[in-house]
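Undergrad:
Residue numbers (the working numbering), protein chains in the order written: chain A, 123 to 270; chain B, -3 to 162.
#1: CB-CB under 7 Å to residue 218 of chain A, same chain, minus the five flanking residues each way: which ones, in chain order?
#2: Anything in chain B within Cβ reach of residue 192 of chain A, meaning under 8 Å, just list it in chain order.
#3: Taking the C-alpha atoms as reference points, what is the distance between residue 151 of chain A and residue 127 of chain B?
#4: Hey, which unbroken runs of the alpha helix (DSSP H) at 4 residues or more fall wholly within the segment 23 to 61 of chain B?
#5: Taking the beta strand (DSSP E) that residue 237 of chain A falls in, what are its first and last residues?
#6: Where does residue 7 of chain B sit, in a helix, a strand or coil, going by DSSP?
#7: Once DSSP output is grouped into helix, strand and coil, what is the label at residue 250 of chain A?
#8: Please tell me whether residue 219 of chain A has its Cβ less than 7 Å away from any Cβ of chain B.
#9: Residues in its own chain within less than 6 Å of residue 246 of chain A by CB, not counting five upstream and five downstream?
#10: Here's a check: name, in chain order, each residue in its chain whose Cβ is nearer than 8 Å to the Cβ of residue 140 of chain A, leaving out the five neighbours to either side.
#11: If the cut is a Cβ gap below 8 Å, which residues of chain A does residue 85 of chain B touch?
#12: Just mark residue 195 of chain A as buried or exposed, buried being the case when its beta carbon has 16 or more other beta carbons within 10 Å.
#13: What first and last residue would you give for the alpha helix (DSSP H) that runs through residue 224 of chain A?
#14: Do the CB positions of residue 60 of chain B and residue 113 of chain B come within less than 7 Å of each other?
#15: With a cut-off of 7 Å, does the C-beta of residue 68 of chain B fall near any C-beta of chain A?
#16: Any C-beta of chain B within less than 7 Å: which residues of the segment 216 to 244 of chain A qualify?
#17: Would the beta-carbon of residue 78 of chain B fall within 7 Å of that of residue 38 of chain B?
#18: Exposed or buried, what is residue 134 of chain A when buried is set at 16 or more other beta-carbons lying within 10 Å of its beta-carbon?
#19: Classify residue 266 of chain A as helix, strand or coil using the three-state DSSP reduction.
#20: Compare the C-alpha of residue 86 of chain B against each of B:53, B:2, B:131 and B:76 and name the closest.
#21: Compare the C-beta of residue 129 of chain B against all C-beta atoms of chain A and say whether one is closer than 7 Å.
#22: How would you write the range of the alpha helix (DSSP H) that residue 91 of chain B sits in, first residue to last?
#23: So which of A:242, A:224 and A:132 has the shortest CA-CA distance to residue 15 of chain B?
#24: Taking 7 Å as the CB-CB limit, is residue 151 of chain A close to chain B?
#25: Rounding to the nearest angstrom, what Cα-Cα distance links residue 227 of chain A and residue 209 of chain A in this structure?
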């Protein structure tokens, strides 16, 4: 997989990710992508309930959250995480990309949305945007230039 | 079954396979299901409910499923590894997700449920008021089958909406 210019926190530590998806395949695929962005997998969850407890435990910089999951769906999990952690940065990652879903997720506090199958370039740009939006993290090196 | 409702599934499968396998998928056969569908390889089912209700079964020859799983891991994958059926589930999820997104943009409302691995050799026959279509796609790694069963539960929302009269 292509290696990207690493995205790091302001303290130059790797960005820490929580990946939430009921599919092992999707979690592995996303984990490989965030590693190629220089990130670190802080935790994984297969449903919304576990995502809430994992968020509190690992305090990730970014959450990648699926929508359609058993027990508790992603949009409800977003709402509950953001209620308790208003600065949480959550990016929805779902194959179902229609307007109502996206709008509901954004209204509950998600920062962005990316549709499956996820293209690494698109996810990288979205994460960089979400991180820079807060001014919390900066990519190493020149902004806007990806290494090949 | 209306072809304009099937077309999003065909386009979606083509796009998902192209992205995940880095290879084209060519539609080879289209047939109507008459008996309960008998799976050919590793299959996953996704149910959707709403103005149109139904299910799709994505059925992949093991060689095709192994190829996609291998693309993900970057290594050779043993067909017996759990990641292989997981791969089929996630592909089914992507195909239906992208298709219902297109149909939603045309006015249909849906709820999609999580995929499940089809463990039995034969699916239950589509209901009396449902029609099931089986599509066979050829890929360089083996055949992929898409079984789509759906029934019209309600008219499209925009058709039911009152018309503006000037």
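From the three backbone atoms N, C-alpha and C, an ideal C-beta is built for every residue, glycine too.
TA: Well, looking at it:
#1: For the purposes of this step, residue 218 of chain A is identified with residue 96 of the first chain, where counting begins at 1. Closer than 7 Å at Cβ, skipping near neighbours: 189 and 190.
#2: Here residue 192 of chain A refers to the residue found at position 70 when the first chain is read from its first residue. Within chain B, the residues near residue 192 of chain A are 110.
#3: Sequence index remark: in the first chain, residue 151 of chain A carries index 29 (1-based). Sequence index remark: in the second chain, residue 127 of chain B carries index 131 (1-based). For residue 151 of chain A and residue 127 of chain B, the distance between alpha carbons rounds to 35 Å.
#4: DSSP runs (the alpha helix (DSSP H)) wholly in the segment 23 to 61 of chain B: none.
#5: Position 115 of the first chain holds residue 237 of chain A. Where residue 237 of chain A is concerned, the enclosing beta strand (DSSP E) stretches over 234 to 237.
#6: Locating residue 7 of chain B in the second chain gives position 11, counting from the first residue. If DSSP states are grouped into helix, strand and coil, residue 7 of chain B belongs with the helices.
#7: For the purposes of this step, residue 250 of chain A is taken as residue 128 along the first chain, with counting starting at 1. It is helical.
#8: Here residue 219 of chain A refers to the residue found at position 97 of the first chain. Yes, contact with chain B.
#9: Locating residue 246 of chain A in the first chain gives position 124, counting from the first residue. Hits under 6 Å: 126 and 159.
#10: In the first chain, the residue the question calls residue 140 of chain A occupies position 18. If we look at residue 140 of chain A and ignore the five residues flanking it on each side, its Cβ neighbours are 164, 165, 166, 167, 173, 176, 177, 180, 182, 184, 185 and 186.
#11: Here residue 85 of chain B corresponds to residue number 89 of the second chain, with the count starting at 1. Neighbours of residue 85 of chain B in chain A, taken as residues whose beta carbon is under 8 Å from its own, are 145 and 147 in chain order.
#12: Taking the first residue of the first chain as position 1, residue 195 of chain A is located at position 73. Per the 10 Å Cβ criterion, buried.
#13: For the purposes of this step, residue 224 of chain A is identified with residue 102 of the first chain, where counting begins at 1. Start and end: 221 to 230.
#14: Taking the second chain and counting its residues from 1, the one referred to as residue 60 of chain B is at position 64. Taking the second chain and counting its residues from 1, the one referred to as residue 113 of chain B is at position 117. Their beta carbons are not under 7 Å apart, which means residue 60 of chain B does not touch residue 113 of chain B by this criterion.
#15: Position 72 of the second chain holds residue 68 of chain B. Yes, residue 68 of chain B counts as interfacial toward chain A.
#16: 216, 217, 218, 219, 220, 238 and 239
#17: Within the second chain, numbered from 1, the residue matching residue 78 of chain B stands at position 82. Within the second chain, numbered from 1, the residue matching residue 38 of chain B stands at position 42. No; because the gap between Cβ atoms is not below 7 Å, this pair is not in contact.
#18: If you number the first chain from 1, residue 134 of chain A lands on position 12. Residue 134 of chain A sits exposed, since fewer than 16 C-beta atoms from the chains shown fall within 10 Å of its C-beta.
#19: Walking along the first chain from the start, residue 266 of chain A turns up at place 144. Model confidence at residue 266 of chain A stands at a pLDDT of 45, short of 50, so the residue's coordinates are unreliable and nothing is read from them.
#20: For this step, residue 86 of chain B is matched to residue 90 along the second chain. Ranking B:53, B:2, B:131 and B:76 by Cα distance to residue 86 of chain B puts B:53 first.
#21: In the second chain, counting from the first residue as 1, residue 129 of chain B sits at position 133. So no, residue 129 of chain B is outside the interface.
#22: Reading the second chain from its first residue, position 95 is the one you call residue 91 of chain B. Residues 79 to 101.
#23: Residue numbering aside, residue 15 of chain B sits at position 19 when the second chain is read from its first letter. Comparing Cα-Cα distances from residue 15 of chain B to each of A:242, A:224 and A:132, the minimum goes to A:242.
#24: As a position in the first chain, residue 151 of chain A is number 29, starting the count at 1. Yes - at least one Cβ of chain B is within 7 Å of the one on residue 151 of chain A.
#25: Position 105 of the first chain, counted from the first residue, corresponds to residue 227 of chain A. Position 87 of the first chain, counted from the first residue, corresponds to residue 209 of chain A. Between residue 227 of chain A and residue 209 of chain A, the C-alpha separation is close to 15 Å.
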